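With the first letter of the sequence shown counted as 1, position 9 gets the number 542 in my numbering; the numbers rise by one all the way through.
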Amino acid sequence: MESSNTNRIYTKYFGWIKHVSVEPTMWLYMMAFMFTSVIEQDLFRYKACRVDHGCSEEICRHLSDDDNKEIKTKVQMTVSEFHQWNDIAGHVMPIILAMFYGNWSDRRGRKLPLVLGLTGKFIYSFMIVINSMIDTWNLNMVVYTATLPMSILGSDVAIFGSSFAYISDVSSVQQRTMRITILDVVYLSTMPTGVALGSYVFTHLVNMSYTIMFAVNATLLLIAIIYSFLWLKWQTSPRQQSLSDNNWLLDFFDRRHVATTIRTLLKSRLNHGKLHLWLLLLAMCLYTFQRDEKAKSQMYTSLIFNWNVTDFSNFKTFQSTLFVLAMLIGVPVMSKLIRMKDTFIVMVGAIAHAAGRIVFVLASRPELFYVGATVAALGPVVAPVLRSMTSKLVPVEERGV
534 MESSNTNRIY
544 TKYFGWIKHV
554 SVEPTMWLYM
564 MAFMFTSVIE
574 QDLFRYKACR
584 VDHGCSEEIC
594 RHLSDDDNKE
604 IKTKVQMTVS
614 EFHQWNDIAG
624 HVMPIILAMF
634 YGNWSDRRGR
644 KLPLVLGLTG
654 KFIYSFMIVI
664 NSMIDTWNLN
674 MVVYTATLPM
684 SILGSDVAIF
694 GSSFAYISDV
704 SSVQQRTMRI
714 TILDVVYLST
724 MPTGVALGSY
734 VFTHLVNMSY
744 TIMFAVNATL
754 LLIAIIYSFL
764 WLKWQTSPRQ
774 QSLSDNNWLL
784 DFFDRRHVAT
794 TIRTLLKSRL
804 NHGKLHLWLL
814 LLAMCLYTFQ
824 RDEKAKSQMY
834 TSLIFNWNVT
844 DFSNFKTFQS
854 TLFVLAMLIG
864 VPVMSKLIRM
874 KDTFIVMVGA
884 IAHAAGRIVF
894 VLASRPELFY
904 VGATVAALGP
914 VVAPVLRSMT
924 SKLVPVEERG
934 V
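Following this line, the structure appears as structure tokens:
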């Protein structure tokens, strides 16, 4: 009798644990990223200032001062050019791999692409540690030693694609929007906490050491790799089979994967399903344009408002807190309480994002940047709803594609 009561209590209060899957992985991954996200951009400017432009330690540590505006402008031009090539190096290979990843993970499972993507991120962080320690390496060495190795293993494409496909595999159609939203909230929760914690540690505990900051980043990623390897399932649907004796390279780089991916996009579907799928993909592409603005925003606010690491970290903490609250409250209210259709939720989020950017453009004082963040608070609801809509549109066997 006592054992039965204990089991009921465990099921009531701790039964949710058995449903935990990629949430801890994404939390650790995003915490690692957010912990150093603002500091990373500061490292890039510092490297460009010290090595590429040969300025003194004193000048490079105080680039935000009015006295250093001329060199700050030159450094920002160097960093902007670096970002151009770094983004190309970091995204071309994952885009190519995505043609194979999707269909391969449909047949073999989501776990391996996820672990490989995390391993690439770990290599990136480890090599940033090395770059921060070698004073003679210029900024572009980051591209060759860190970004390219990371991109070869799939990077964010593998991590996000595998995580959301995993969630879709293990949840019902009725649960999917909420499960995907929960996953988004889990990793978005690291944005205010990670940025704030990273800023505090950087300025108060480690004497502004880039090396220590990225060592912490790499440690969190290593924990994520270990957890994923030990806890997650190799296969999450009956259709997925292990590699057995197949050559994994030939099995992965099979041109049939590309053909299957193309057929998935071009095949006819009931009720104009193909058109809906293409419109969803187009919507996600257009939405992604605002995803990479952080580095430019940080440079812009440094140039216009003379913000330093602490100032921009405070802004990002405020902005990301609003994002998380919008995800926690906005999606459930619109989806469950108001029973708003997914398409209307996407429209609300997109309008919020666009309106916020207009405020950013017109901002003449730092306070108005905070107003822009408030206006754009509902913007992040777009991504999880688009992913949920896409997963509902395609059958299980095509979900990773």
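Where is the CB? At the ideal position from N, CA and C, for every residue including glycine.
For clarity, every value in this text was computed on a predicted model and none was experimentally measured.
key: Three-way DSSP call (helix, strand, coil) for E556 in this model   = The residue labelled residue 556 in the question sits at position 23 within the sequence shown. Helix at E556.
Nearest neighbour of L861, chosen from K874, Y720, Q831 and K829 [CA to CA] = Numbered from 1 along the sequence shown, position 328 holds the residue referred to as residue 861. Out of K874, Y720, Q831 and K829, Y720 has the C-alpha closest to the C-alpha of L861.
key: CA-to-CA distance, L672 to H586, given in whole angstroms   = Stepping through the sequence shown from its first residue, residue 586 is reached at position 53. Stepping through the sequence shown from its first residue, residue 672 is reached at position 139. So the alpha carbons of these two residues sit roughly 11 Å apart.
task = Determine the direct distance from the alpha carbon of L782 to that of R788, and round the result to whole angstroms.
result = If you number the sequence shown from 1, residue 788 lands on position 255. If you number the sequence shown from 1, residue 782 lands on position 249. So the two alpha carbons sit approximately 12 Å from each other.
query = With a CB to CB cut of under 7 Å and the five nearest residues on each side skipped, what residues in its chain are close to V703?
reply = Within the sequence shown, numbered from 1, the residue matching residue 703 stands at position 170. Excluding sequence neighbours, V703 sits near S554 and T769.
R890, DSSP secondary structure in three states = On the sequence shown, position 357 is the one that residue 890 refers to. Helix.
task = Out of A622, A916 and N601, state which residue places its alpha-carbon closest to the alpha-carbon of K823.
result = For the purposes of this step, residue 823 is taken as the residue at position 290 of the sequence shown. Residue identity check: residue 823 is Gln in the sequence provided, not Lys. Checking every option, the nearest Cα to that of Q823 belongs to A916.
message = Quick check on V879: buried or exposed, where buried means 16 or more other Cβ atoms within 10 Å of its Cβ?
response = Residue numbering aside, residue 879 sits at position 346 when the sequence shown is read from its first letter. Classification of V879: buried, given that the 10 Å Cβ count is 16 or more.
key: Inter-residue CB distance, V608 and F845 (contact presumed, cutoff 8 Å)   = By one-based count along the sequence shown, residue 608 stands at place 75. By one-based count along the sequence shown, residue 845 stands at place 312. V608 to F845, Cβ: 16 Å. No contact.
ask   = So, helix, strand or coil for W764, using DSSP?
value = Start at 1 with the first residue of the sequence shown, and residue 764 comes out as number 231. Here W764 sits in helix by DSSP.
Limits of the unbroken alpha helix (DSSP H) element including K654 = Position 121 of the sequence shown, counted from the first residue, corresponds to residue 654. Element bounds for K654: K644 to M666.
ask   = In three-state DSSP terms, what is Q852?
value = If you number the sequence shown from 1, residue 852 lands on position 319. In this structure, Q852 counts as helix in the three-state DSSP scheme.
message = When you compare the region 627–635 with the region 738–758, are there three or more beta-carbon pairs, one atom per stretch, that lie closer than 8 Å?
response = no
request  = May I have the straight-line CA-CA distance separating T923 from I700, to the nearest angstrom?
outcome  = Here residue 923 is taken as the residue at index 390 of the sequence shown, counted from 1. Here residue 700 is taken as the residue at index 167 of the sequence shown, counted from 1. Near 13 Å, if we compare the C-alpha coordinates of I700 and T923.
ask   = For the alpha helix (DSSP H) that H616 lies in, which residues bound it at each end?
value = Numbered from its first residue, the sequence shown carries residue 616 at position 83. Segment K602 to R641, the alpha helix (DSSP H) holding H616.
ask   = At a cut-off of 7 Å, is L649 close to the ligand GDP when judged by its beta-carbon and the heavy atoms of the ligand?
value = Absence of the ligand GDP is noted for the structure shown, with no ligands found whatsoever.
G587 (DSSP reduced to helix, strand or coil) = Counting from one through the sequence shown, the residue named residue 587 turns up at place 54. The answer is coil: DSSP assigns G587 none of H, G, I, E or B.
request  = Following the continuous alpha helix (DSSP H) through Y903, name the residue where it begins and the one where it ends.
outcome  = As a working mapping, residue 903 is identified with position 370 in the sequence shown. Where Y903 is concerned, the enclosing alpha helix (DSSP H) stretches over P899 to V908.
query = How many angstroms separate the CA atom of L651 from the CA atom of F877?
reply = The count along the sequence shown starts at 1 and reaches residue 651 at position 118. The count along the sequence shown starts at 1 and reaches residue 877 at position 344. Straight-line Cα distance between these residues: approximately 34 Å.
query = Between L895, L561, G889 and D620, which lies nearest to S722 when the distance is taken from Cα to Cα?
reply = For the purposes of this step, residue 722 is identified with residue 189 of the sequence shown, where counting begins at 1. With distances taken between Cα atoms, S722 lies closest to L561.
message = Alpha carbons only, please: which of G623, H737 and L753 is nearest the one belonging to M564?
response = As a first step, residue 564 is located in the sequence shown; it is residue number 31 there, counting from the start. Of the listed residues, the one whose Cα sits closest to M564 is L753.
ask   = At what residues does the alpha helix (DSSP H) containing P917 begin and finish?
value = Locating residue 917 in the sequence shown gives position 384, counting from the first residue. V915 to L926 is the span of the alpha helix (DSSP H), which, as asked, contains P917.
task = Return helix, strand or coil for D823, following the three-state DSSP convention.
result = Taking the first residue of the sequence shown as 1, we reach residue 823 at position 290. According to the sequence displayed, residue 823 carries Gln and not Asp. In this structure, Q823 counts as helix in the three-state DSSP scheme.
message = Assess contact between the region 848–855 and the region 902–910, defined as three or more Cβ pairs (one per stretch) separated by less than 8 Å. Is contact present?
response = yes
task = Quick one: grab the DSSP three-state call for G882.
result = Along the sequence shown, read from residue 1 onward, the residue named residue 882 stands at position 349. G882 falls in the helix class under three-state DSSP.
query = In three-state DSSP terms, what is N804?
reply = Here the question's residue 804 lines up with position 271 in the sequence shown. Looking at N804 - three-state DSSP - the assignment turns out to be helix.
request  = Under the assumption that L926 contacts G806 (Cβ atoms under 8 Å), give the Cβ distance between them as a whole number of angstroms.
outcome  = Translated into the one-based positions of the sequence shown, residue 926 becomes position 393. Translated into the one-based positions of the sequence shown, residue 806 becomes position 273. That belief holds up - the Cβ atoms of L926 and G806 are roughly 6 Å apart, short of 8 Å.
ask   = Between L755 and F693, is the Cβ-Cβ spacing less than 8 Å?
value = On the sequence shown, residue 755 is found 222 positions in, with the first residue counted as 1. On the sequence shown, residue 693 is found 160 positions in, with the first residue counted as 1. Not a contact, by the Cβ cut-off of 8 Å.
ask   = Out of V676, N804, M559 and D689, which has the shortest C-alpha to C-alpha gap to I628?
value = On the sequence shown, position 95 is the one that residue 628 refers to. Among V676, N804, M559 and D689, the Cα nearest to that of I628 is on D689.
query = Between the region 580–600 and the region 835–844, do at least 3 Cβ pairs fall closer than 8 Å?
reply = yes
message = Cutting at 6 Å between CB atoms, please list the residues of its own chain near D875, excluding the five before and the five after it.
response = Counting from one through the sequence shown, the residue named residue 875 turns up at place 342. Contacts found: V918 and M922.
query = Mapping DSSP to helix, strand and coil, what is F845?
reply = Here residue 845 refers to the residue found at position 312 when the sequence shown is read from its first residue. Residue state, collapsed to three classes: helix.
inquiry  = What residue range does the alpha helix (DSSP H) around M860 cover?
reply    = The count along the sequence shown starts at 1 and reaches residue 860 at position 327. Unbroken run through M860: none, as it is neither H nor E.
ask   = Are three or more beta carbon pairs between the region 573–592 and the region 661–675 nearer than 8 Å?
value = yes
message = If I follow the unbroken alpha helix (DSSP H) through S694, where does it start and stop?
response = The sequence position of residue 694 within the sequence shown is 161, counting from 1. The identity of residue 694 in the sequence shown is Gly, whereas the question assumes Ser. Taken as a continuous stretch (DSSP letters only), the alpha helix (DSSP H) holding G694 covers S688 to V703.
ask   = Which value, in whole angstroms, describes the spacing of the CA atoms of L681 and T843?
value = For the purposes of this step, residue 681 is taken as residue 148 along the sequence shown, with counting starting at 1. For the purposes of this step, residue 843 is taken as residue 310 along the sequence shown, with counting starting at 1. Taking the straight line from one Cα to the other gives about 30 Å.
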